[in-house]
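Enquirer: Submitted below is the structure of interest, expressed as structure tokens.
Structure, rendered in structure tokens:
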């Protein structure tokens, strides 16, 4: 084993693979920073080149490109409320308010530090779980995955900012929007109104741009100001952000574990890790009244998890040859093409490649964070751009990103229509996060409930894993109620108070 | 040593393929290559895979895509894009893709042709109109079962064996259904897994006990590492010589007549495995260019090496014309066989085969109200009022989907309808094009007119074209120059033929 580990380390540390790793990380960060460019789209373009490389060079290059997008996409999420990718949606909730308060440097610095730590924790968990990953992954069937998605939906209350009914309505709307198009299970057309554009359903990119980014830009234009509502950025922001990461080290660790776990479970999808971690932070941290208004913990939690999930996703891809996300599916295709065999064989005769992947993952996280730190200072000045410079650029970027969903003019029309909805939600004080969460989780809830009933009828309810998860969900739902009751009780009983 | 072995290609197919390839080579001579090079140079060529990344269709599409650009004259930039479902990809190829030879769809026979064969409501495409570039056959399906539940298969009192599948269009689904029906297999169907990878994982975690696959590497992996054993094969496989075919397993219980025809019809579409197709109306020279380049790609030593890594040894390549022939035969299904399939699907609680739509009748709208929501017309002397639903009514103009707002008074359309609550609702509305004949030649055999600014020449068949003048069926000789009629037409071979001609 030690020999394989050293073999993997030596292979990835050689000058040529290291060069490809650096090149991949630069491309990954750049792709992540441009909404609609990074992630699977970027990987798909680079795949043919990587397939012609030697296996170790392909590993270095592809791990570099694939696993750092969530570090790069923090820039737009924090600075202009444009989620750079599916893993950076929750970061907008507190990142953008921090930028408005003049704390963009702090938010970015904290995000990059925890991205690195989260990525390293993910890599370590990948390393540690190699011997037990098979029974671990196999203990989760469709019923357990259904409960996981329900757990995700139960977080809507947490994200509803004191308006649970509005939050629930928004989430239901998100679920309804997710059902548009052809049903994958039966092939039935749903809500398509004979419009070919709707057959494929609505893209999550469109939803996140129209619900978060465009309404914020309209609001900024209406305010005729700048993103930052203060006159200058604090000089100590970068150091402060780094300290924040260590100040909330247990939150970083917990969020990274959540991210890794979500990554491990094939089928939950890469776009829910940040939401799970954000909701977890809001449910378990003390003094959460500033969440959604620019609390650094609202940045730390999702950013720790979205990089950690890459380690988790690699576990199932390498151990079973089962990709947990689109990016991992593309990565696996490239691995197979260069002669690697994800699956049991990879953990046998090709184990040194697995260790090389783990080291590449760790190096990539450190390198990506270092690159991003170097860019904080110039990037943060985006917050001081006047609205008449920033709004046209960002809105154009939003429309460009939306167009990349299907390369259809209908993407633009859909973005306009949904942006109207997003803007009215914003000015009406409706929580917007639940609509995105409902949209992301809706299809998974439907799929796993369908499979659970098809396989086990209603007996799935009595599975031990399901019952354990039911308990966790009940605790999750009841804990804030109990906390509020206890707080009220203690406050009322305390002598000398109101 | 050549790593690609053509294990499953029948000798006749190979001969036909070779002849077709030779013929294509002659057609796509130097001049045409030069034109094609000029056409493709600097352009982006899209390989549109009709499945999510990671599955067999995606793997095959990307495998070909990796080496294809270098064999297309002008070496265009090649990108691979995914669609989430076979049906969505096929519908998109017909309705969204322009016939410019710059986008090729990659499909699985079962997923894209199965719904056509069983006349699914979700099908908005006609694959016989597409231009076929070629196909890759990975080997027929083998049914695997978990060894530990093998005894449950024939014991109705034991826990049913869970058969997992993506949809119900694959040959393994037909084998399972016919196994349950005629051999008494004790099965439970678990359908709806998003892709093959999800099925493999479900088998690994014990959620399902049976599935089918044609990929040698996958089969070997599950037999060696996951406690699976092959129970039957769709047709004989030389790499699994001891596995009996389903027909052999059925033995004297093999159904006959319509029932066996139903089995063959169900498994028919999978005869075409992963095929590459262009949208209807793509110019012939571009189809031929891509057929030639596809063939050259699959003969490229680099492709063969990569294909060996990914698909194993058991794959073969078919030419475009061969693929077209297989597709045409795969979607032909008799009404009796369709009825039998419907019966079995209902019995085993599989998604419904759509009912046969009511016959279409020609009507001319007197009034179209509320933006196409209400149609008023006369049918058999009675005034009728019909609702048009935005989601349920299917409206097409010259085969293209259209919104209800495009319906106008005076239009003549072929349509049917059904009762929905206390209203009558339009089901299918196929609108005809109004044209004035500039010339009617050879006693009505040839019509010349302008349509959408283009000059058109149509053949009129004595047996297939249906001509009505003033509500009465007439012969083609009744058509005269200067007449204005509502018509529909379709391609038949290299000609365009009139289908319905309704003249006042």
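Residue numbers (our numbering), protein chains in the order written: chain A, 3 to 500; chain B, 10 to 513. Note that CB positions come from ideal geometry on N, CA and C, so glycine has one too. Just so it is clear, the structure is predicted and the values come from calculations on it, not from any experiment.
Does the beta-carbon of residue 8/A have 16 or more other beta-carbons within 10 angstroms, so that it is buried, or is it exposed?
Expert: Position 6 of the first chain, counting from 1, holds the residue named residue 8/A. Exposed, because fewer than 16 other Cβ atoms sit within 10 Å of the Cβ of residue 8/A.
Enquirer: State the CB to CB distance for the pair residue 306/A and residue 439/A, rounded to an integer number of angstroms; the pair is presumed to be in contact (CB under 8 Å).
Expert: Locating residue 306/A in the first chain gives position 304, where the first residue counts as 1. Locating residue 439/A in the first chain gives position 437, where the first residue counts as 1. That pair is no contact at about 19 Å.
Enquirer: With a threshold of 7 Å between beta-carbons, can residue 80/B be considered close to chain A, or not?
Expert: As a working mapping, residue 80/B is identified with position 71 in the second chain. So, not an interface residue.
Enquirer: Please go through the same chain and pick out, in chain order, the residues whose beta-carbon is closer than 8 Å to the beta-carbon of residue 134/B, but skip the five residues on each side of it.
Expert: In the second chain, residue 134/B corresponds to position 125, counting from 1. Excluding positions up to five away in sequence, the list reads 99, 100, 102, 103, 104 and 125.
Enquirer: With a floor of 3 residues, list each beta strand (DSSP E) that falls wholly inside the region 205–248 of chain B, ordered by position along the chain.
Expert: DSSP runs (the beta strand (DSSP E)) wholly in the region 205–248 of chain B: 219–222 and 237–242.
Enquirer: Which residues, in chain order, does the region 171–183 of chain B contribute to contact with chain A at a C-beta distance below 8 Å?
Expert: 171 and 176
Enquirer: With respect to the alpha helix (DSSP H) encompassing residue 464/B, which residues constitute its N-terminal and C-terminal limits?
Expert: The residue given as residue 464/B occupies position 455 in the second chain. Counting along the chain, residue 464/B falls outside any alpha helix (DSSP H), though it belongs to the beta strand (DSSP E) covering 463–468.
Enquirer: At a CB-CB cut-off below 7 Å, which residues of chain B make contact with residue 332/A?
Expert: Here residue 332/A corresponds to residue number 330 of the first chain, with the count starting at 1. Under the 7 Å cutoff, chain B gives 62.
Enquirer: Could you round the C-beta distance between residue 112/B and residue 55/B to whole angstroms and report it? I think they count as a contact, below 8 Å.
Expert: Reading the second chain from its first residue, position 103 is the one you call residue 112/B. Reading the second chain from its first residue, position 46 is the one you call residue 55/B. Yes, they are in contact, since the Cβ atoms of residue 112/B and residue 55/B sit about 4 Å apart, within 8 Å.
Enquirer: Reducing DSSP to helix, strand and coil, say where residue 208/A ends up.
Expert: Here the question's residue 208/A lines up with position 206 in the first chain. DSSP places residue 208/A in helix when its eight states are reduced to three.
Enquirer: For residue 272/B, which residues from the same chain have a beta carbon less than 8 Å from its beta carbon, with the 5 sequence-adjacent residues on both sides left out?
Expert: Reading the second chain from its first residue, position 263 is the one you call residue 272/B. Excluding residues within five positions, the ones whose Cβ falls inside 8 Å are 183, 187 and 264.
Enquirer: Apply the 10 Å Cβ neighbour rule to residue 389/B and answer buried if 16 or more other Cβ atoms are within range, or exposed otherwise.
Expert: Walking along the second chain from the start, residue 389/B turns up at place 380. Per the 10 Å Cβ criterion, exposed.
Enquirer: Using the Cα positions of residue 162/A and residue 216/B, report the straight-line distance between them to the nearest angstrom.
Expert: The count along the first chain starts at 1 and reaches residue 162/A at position 160. The count along the second chain starts at 1 and reaches residue 216/B at position 207. Using only the alpha carbons, I get a separation of about 36 Å.
Enquirer: Report buried or exposed for residue 495/B, applying the criterion of at least 16 other Cβ atoms within 10 angstroms of its Cβ.
Expert: Along the second chain, read from residue 1 onward, the residue named residue 495/B stands at position 486. Flag for residue 495/B reads buried.
Enquirer: Taking only runs that begin and end inside the region 136–165 of chain A, name each unbroken beta strand (DSSP E) of 3 or more residues, in chain order.
Expert: none
Enquirer: For residue 218/A, which three-state DSSP category applies?
Expert: Sequence index remark: in the first chain, residue 218/A carries index 216 (1-based). Residue 218/A falls in the helix class under three-state DSSP.
Enquirer: Got a sec? Which residues, its chain only, sit under 7 Å from residue 4/A by beta carbon, not counting five neighbours each side?
Expert: As a first step, residue 4/A is located in the first chain; it is residue number 2 there, counting from the start. So no residue of the chain qualifies.
Enquirer: Where does residue 135/B sit, in a helix, a strand or coil, going by DSSP?
Expert: Along the second chain, read from residue 1 onward, the residue named residue 135/B stands at position 126. Coil.
Enquirer: Counting only Cβ-Cβ distances shorter than 7 Å, please list the residues of the region 304–330 of chain B near chain A, keeping chain order.
Expert: 315, 318 and 319
Enquirer: When burial is assigned at 16 or more other CB atoms within 10 Å of the CB, is residue 24/B buried or exposed?
Expert: Here the question's residue 24/B lines up with position 15 in the second chain. Reliability fails at residue 24/B, whose pLDDT of 46 lies under 50, so the model's placement of it is uncertain and the value that follows must be treated cautiously. By the neighbour-count rule (16 or more Cβ atoms within 10 Å), residue 24/B is not buried but exposed.
Enquirer: From what residue to what residue does the beta strand (DSSP E) around residue 199/A run?
Expert: Locating residue 199/A in the first chain gives position 197, counting from the first residue. No beta strand (DSSP E) contains residue 199/A, which DSSP labels as neither H nor E.
Enquirer: For residue 8/B, collect the residues of the same chain with a Cβ closer than 8 Å to its Cβ; drop the 5 residues on either side in sequence, then sort them by chain order.
Expert: With chain B covering only 10 through 513, there is no way to say anything about residue 8/B.
Enquirer: Output needed in chain order: residues of the region 202–230 of chain A with a Cβ under 7 Å from some Cβ in chain B.
Expert: Those would be 202, in chain order.
Enquirer: Report yes if the C-beta distance between residue 14/A and residue 362/A is below 7 Å; otherwise report no.
Expert: Taking the first chain and counting its residues from 1, one reaches residue 14/A at position 12. Taking the first chain and counting its residues from 1, one reaches residue 362/A at position 360. Going by C-beta atoms, residue 14/A is nearer than 7 Å to residue 362/A.
Enquirer: Say whether chain A places a C-beta atom closer than 7 Å to the C-beta of residue 104/B.
Expert: Within the second chain, residue 104/B is the residue found at index 95, counting from 1. Using a CB distance cut-off of 7 Å, residue 104/B counts as an interface residue toward chain A.
Enquirer: Would you list the residues sitting across from residue 372/B in a DSSP beta bridge?
Expert: In the second chain, residue 372/B corresponds to position 363, counting from 1. BP columns for residue 372/B point to 422/B.
Enquirer: With 16 other CB atoms within 10 Å as the buried threshold, where does residue 270/B fall?
Expert: Start at 1 with the first residue of the second chain, and residue 270/B comes out as number 261. By the neighbour-count rule (16 or more Cβ atoms within 10 Å), residue 270/B is buried.
Enquirer: What are the boundary residues of the alpha helix (DSSP H) that includes residue 416/B?
Expert: Numbered from its first residue, the second chain carries residue 416/B at position 407. Per DSSP, residue 416/B belongs to no alpha helix (DSSP H) and is neither H nor E.
Enquirer: For the region 471–482 of chain A against the region 195–212 of chain A, are there 3 or more C-beta pairs whose distance is under 8 Å?
Expert: no
Enquirer: Out of curiosity, what's the CA-to-CA distance linking residue 134/A and residue 317/A?
Expert: Taking the first chain and counting its residues from 1, one reaches residue 134/A at position 132. Taking the first chain and counting its residues from 1, one reaches residue 317/A at position 315. For residue 134/A and residue 317/A, the distance between alpha carbons rounds to 11 Å.
Enquirer: For residue 309/A, does the count of other Cβ atoms within 10 angstroms reach 16, so buried, or fall short, so exposed?
Expert: In the first chain, the residue the question calls residue 309/A occupies position 307. Per the 10 Å Cβ criterion, buried.
Enquirer: From what residue to what residue does the alpha helix (DSSP H) around residue 366/A run?
Expert: Taking the first chain and counting its residues from 1, one reaches residue 366/A at position 364. Run containing residue 366/A: 353–382, per the alpha helix (DSSP H) assignment.
Enquirer: In chain A, which residues lie less than 8 Å from residue 68/B when you measure between Cβ atoms?
Expert: The residue you call residue 68/B lines up with position 59 of the second chain. Those within 8 Å of residue 68/B in chain A are 335 and 338.
Enquirer: Closest by CA to residue 142/B, which one among 319/B, 419/B, 332/B and 371/B?
Expert: Sequence index remark: in the second chain, residue 142/B carries index 133 (1-based). Selected option, being the one with the closest Cα: 332/B.
Enquirer: Please work out which residues of its chain come closer than 7 Å, Cβ to Cβ, to residue 12/A, disregarding the five sequence neighbours upstream and downstream, and give them in chain order.
Expert: Numbered from its first residue, the first chain carries residue 12/A at position 10. Once the five neighbours on either side are set aside, residue 12/A has no close Cβ partner at all.
Enquirer: Would you check if the distance between the CB atom of residue 275/A and the CB atom of residue 261/A is smaller than 7 Å?
Expert: If you number the first chain from 1, residue 275/A lands on position 273. If you number the first chain from 1, residue 261/A lands on position 259. The answer is yes: Cβ separation under 7 Å.
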